[in-house]
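Asks: Per our numbering, the sequence shown starts with residue 90, numbered consecutively.
To start, I am sharing the structure in question, which I have written as structure tokens.
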Amino acid sequence: MSYSIVLVKTAPPSSLFRPICMTPTELQSVTSFRSRIGEPLVGSRQTSVSKPASRKPEGIPLSFQSKVGFMRRGRVHILRDSCVTSRIGTLFSFKSCDDDSDSSLQPVDDSDCDSELEVFSKSESSNTEDSLSGSEDKSASQLDDNPSTMVHTSQVSDAQSSSSDKCSCYYTRTDNVAGSAIGEITGWDADSSHWVGDVAGVWGLAPPGEVEQAVKTAIDVGYRHFDCAFLYANEKEIGSAIRSKISEGVVKREDLYITSKLWNTHHRPAGVLSACKKSLENFGLDYLDLYLLHWPVAFKEGDDLFPKDKSGNFLTEDIDYLDTYLAMEECVRQKLTRSIGVSNFNSEQVTRVLEKSSIKPVMNQVECHPYLQQKKLIKFCKDRDIAVTAYSPLGAPNAMFPPPGCPVLMKDEKLKAIGEKYGKSLAQMALRFLLQSGVIVIPKSTNPERLKQNMDVFDFTINDKDSKPGEVTQAVKDAIDAGYRHFDCAFAYGNEKEVGEALKVKLKEGVVKREDLFITSKLWNSFHRPDLVIPVLKKTLENLQLEYLDLYLVHWPMAFKEEGENMPRDAAGNIIFSEVDYVDTWKAMEEAVKQGLTRSIGISNFNSEQITRLLKTATIKPVTNQVECHPYLNQKKLIEFCRSKDIVVTGYSPLGSPDSPFLKPGDPLLLDDPKLKSLAKKYNKSPAQVVLRYSVQRGVVTIPKSVTKHRIQENLDIFDFELSKDDLAYLDSFDCNGRVCTVGQ
């Protein structure tokens, strides 16, 4: 086997990558180094290799231990365990590498070099001092013809590379010239197919033409939102793909939503317009749909996109991001972009922009995925009608500098298990999670199959009460064995098939008969249109493997856009509602009773006014209203109203939903309430048992959720005690309008 070493010099403004840390073992895992702006390798030979070990960042200047071959003439010089320090703008020269000598690279002053690119090595037959003098062949200067990227390739066999365990080995070169590591080096890992050194997998990633083809493929499979940036250095390729698809008639310009971003080196207000115009020129477009301020920090202006001082610290400018944003407003006025927004801004920075701006940011683009859910920031932005876009929604598995020991989202066993339940990949589950959180996702891929896969996330909904695969089936079996006979299901929970499997087993075993059970399910909001009610009910019966339901509920009084995803949202992240009236939906529900598909019908999350309106036209009265109900939200008035209409109240989340996704940090947890714990101690019961007993004594049907066998039994063990009137009143006093579930509201 042989591997290639490519030494790269990349001139500004293409200095996009940071240096990398590599061990000797890791270098053998990297088939080749190449330039960071997309040029193909020169004379490289890629082989099948193992994945590199994790890399530990050490800051700038950054050192890495590796067997790196640098050469100028004569022989390739492999330094064993040499320490290489890569510094932007610094030239390097080898010291002599005898067995007992220091083998580290040292920076050399430009004046000592006979060309821009100088890397010296010890020749097998030459005098060391002469090799280091800079007096030999000046052919390296030939590389100056290419101002952006200079590449040299040397091939080395592993048989030779293992010939010495000490300081140096000698190998024959294959090319005449070599470029030095001025700036940074990036490498390709053939096993995992990504760039070693790729930051968040967004820029400098693909060979020429690959981005263009990826965008064409994306448009063909249905993508319409393309997130770009000046920094990514791919605006020209993306623009070419877009223009091609527009000319083919596949899409119109108005069908597309094109985003780009103002980079940190262009924050000076006077330069904002020209930066935006440059992006438009790259795209070959007349306008952007959205222009974002990439980061709130300004870098020193110039061609270097990551300007640093000699110590490796970023060179920043004292430019207020607020002044930059105000200059971006002019881009809107001149119709260079239809809207503007921010990226990587926190709540304080967003607040400051809102206080002074005349054009509100429509978007805040931030890193967001299951490991970094940004719940507080998302709520903050939504409260101000600012949509949130999530970059790195898959956790950026190819990120260059993951924290030591950081788990990889796309290898998470818990996520994998949930994905298996839904028949979806880990990536699809992560994307769906964000979509259901009301976040716009921008997954990165150039792979045609992954592009299609990332779109295939609109045919399922993740249950907010999600359990592990098989867990629901076993829980229902345990519940039946413990004595439960009422099972509350819903199309939106995504577990009807598992419940159905358990019911089938227990009916077959003869543990229960169908008439012993009371099975409830619910009509989801996106099926309110009357002609959809019967078909979706039949689908529920198919999932549950039953011929009829005992109770079918309208899950919420509001209707969502039909025949799409369960939580349809517009570009701003707002729910898309339908004009269907719940009164018309109810008429179709009545037809379900007449057809024998359900024995009774009811409602859920309806208030007294909605119930009154429904009763005026209904021919079949709702038998129940299922609502959130617990001591923190005791629904006293609504319960009294329903009783006056002979409508039973069923209470969901009777324990206050301690695992609810809608709970905010700092929200009180009912089961942790010291007053409740004290009361539970008085009755020698658990807090959960006291709360359930409270609901039962108030005449509310309770439906606690659990998949734990012990808790299933415990929740049933509430009929051997009774709360006193004083204690009931005491629990009533806990009410604080503490609503947990806010779906659809």
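No residue lacks a Cβ here, since even glycine has one placed at the ideal position from N, Cα and C.
Nothing here was measured: the structure is a model prediction, and the numbers come from that model.
1. Classify Val-789 as buried or exposed, calling it buried when 16 or more other Cβ atoms lie within 10 Å of its own Cβ.
2. Which first and last residues belong to the alpha helix (DSSP H) in which Thr-612 is found?
3. Report the three-state DSSP secondary structure of His-356 (helix, strand or coil).
4. If you measure from the CB of Leu-374, is any heavy atom of the ligand FAD nearer than 8 Å?
5. Could you tell me if Cys-420 is buried or exposed, where buried requires 16 or more neighbouring beta carbons within 10 angstroms of its beta carbon?
6. To which residues does DSSP link Asp-316 through a beta bridge?
7. Can you name the start and end residues of the alpha helix (DSSP H) that Val-780 belongs to?
8. Just the Cα atoms here: how many angstroms apart are Val-672 and Arg-702?
9. Can you tell me which of Ser-432, Val-785 and Ile-807 puts its alpha carbon nearest to the alpha carbon of Ser-775?
10. For Arg-603 and Val-716, I'd like the C-alpha separation in whole angstroms.
11. Would you call Gln-684 buried or exposed, if buried means 16 or more other Cβ atoms sit within 10 Å of its Cβ?
12. Smallest Cα separation from Leu-710: which of Leu-686, Leu-640 and Glu-509?
13. DSSP state of Gln-715, grouped into three classes?
14. Quick one, are the C-beta atoms of His-617 and Val-643 less than 9 Å apart?
15. Are the region 643-654 and the region 464-483 in contact at 8 Å, needing three or more beta carbon pairs?
16. Compare the beta carbon distance of Leu-377 and Ser-363 with 9 Å and say whether it is the shorter of the two.
17. For Ser-693, which beta-bridge partners are listed by DSSP?
18. Where does Asp-809 fall in DSSP's three states?
19. Pick out whichever of Val-497, Ala-359, Gly-298 and Ile-700 has its Cα sitting closest to the Cα of Lys-734.
20. Which residue wins for smallest C-alpha separation from Ala-568, given the options Glu-803, Ile-690 and Gly-512?
21. Tell me which residue opens and which closes the beta strand (DSSP E) that Ala-476 is part of.
22. Give me the residue from Gln-438, Arg-342, Glu-370 and Tyr-346 with the minimum Cα distance to Trp-384.
23. Measuring only the C-alpha atoms, how far is Ala-697 from Leu-758?
24. DSSP on Leu-592, reduced to helix/strand/coil?
25. For the alpha helix (DSSP H) holding Met-452, just list the boundary residues, first then last.
26. In chain order, what residues of the same chain lie with their CB nearer than 6 Å to the CB of Cys-825, ignoring the 5 residues before and after it?
27. Over the uninterrupted alpha helix (DSSP H) stretch that includes Phe-576, give me the two end residues.
28. Can Leu-633 and Cys-578 be called in contact, C-beta distance under 9 Å?
29. Any idea which residues DSSP pairs Ser-432 with across the strands?
30. Ends of the beta strand (DSSP E) at Val-643?
31. Under 8 Å by Cβ, that's how I've got Pro-482 and Leu-520 pegged, so tell me the actual separation to the nearest angstrom.
32. Decide if Gln-423 is buried, meaning its Cβ has at least 16 other Cβ atoms within 10 Å, or exposed.
33. If you compare alpha carbons, which of Lys-325, Tyr-312, Arg-313 and Thr-478 is closest to Val-300?
34. What does a CB cutoff of less than 8 Å around Lys-814 pick up in its chain, not counting 5 residues either side in sequence?
35. By the three-class DSSP mapping on this structure, what secondary structure does Lys-814 have?
36. Please report how far the alpha carbon of Lys-503 lies from the alpha carbon of Leu-425, in whole angstroms.
Replies: Let me spell this out:
1. The residue is buried, with at least 16 neighbouring Cβ atoms inside 10 Å.
2. The sequence as given places Leu at residue 612; Thr does not occur at that position. Per DSSP, Leu-612 belongs to no alpha helix (DSSP H); it is in the beta strand (DSSP E), 607-612.
3. coil
4. As far as ligands go, the structure on display features none, and thus does not contain the ligand FAD.
5. It counts as buried.
6. Thr-348
7. 776-786
8. 8 Å
9. Ile-807
10. Distance from the CA of Arg-603 to the CA of Val-716, rounded to the nearest whole angstrom, comes to 26 Å.
11. Residue environment: Gln-684 is assigned as exposed (fewer than 16 neighbouring CB atoms within 10 Å of its CB, all protein chains considered).
12. The sequence as given places Lys at residue 710; Leu does not occur at that position. Measuring from the Cα of Lys-710, the nearest candidate turns out to be Leu-640.
13. If DSSP states are grouped into helix, strand and coil, Gln-715 belongs with the strands.
14. yes
15. No: the two stretches stay apart, fewer than three of their Cβ pairs being nearer than 8 Å.
16. The answer is no: Cβ separation not under 9 Å.
17. Gln-715
18. coil
19. Ile-700
20. Closest option to Ala-568, judged by alpha-carbon separation, among Glu-803, Ile-690 and Gly-512: Glu-803.
21. 476-480
22. Gln-438
23. Just to set this straight, residue 697 is Ser in the shown sequence, not Ala. So the alpha carbons of these two residues sit roughly 28 Å apart.
24. helix
25. That residue, Met-452, is in no alpha helix (DSSP H); its beta strand (DSSP E) goes 452-456.
26. Tyr-721
27. Segment 575-577 is the beta strand (DSSP E) holding Phe-576; no alpha helix (DSSP H) there.
28. Yes, these two residues count as a Cβ contact at 9 Å.
29. Gln-454
30. 640-643
31. 6 Å
32. So Gln-423 ends up on the exposed side.
33. Lys-325
34. Once the five neighbours on either side are set aside, Lys-814 has no close Cβ partner at all.
35. helix
36. Answer to the nearest angstrom: the Cα atoms are 45 Å apart.
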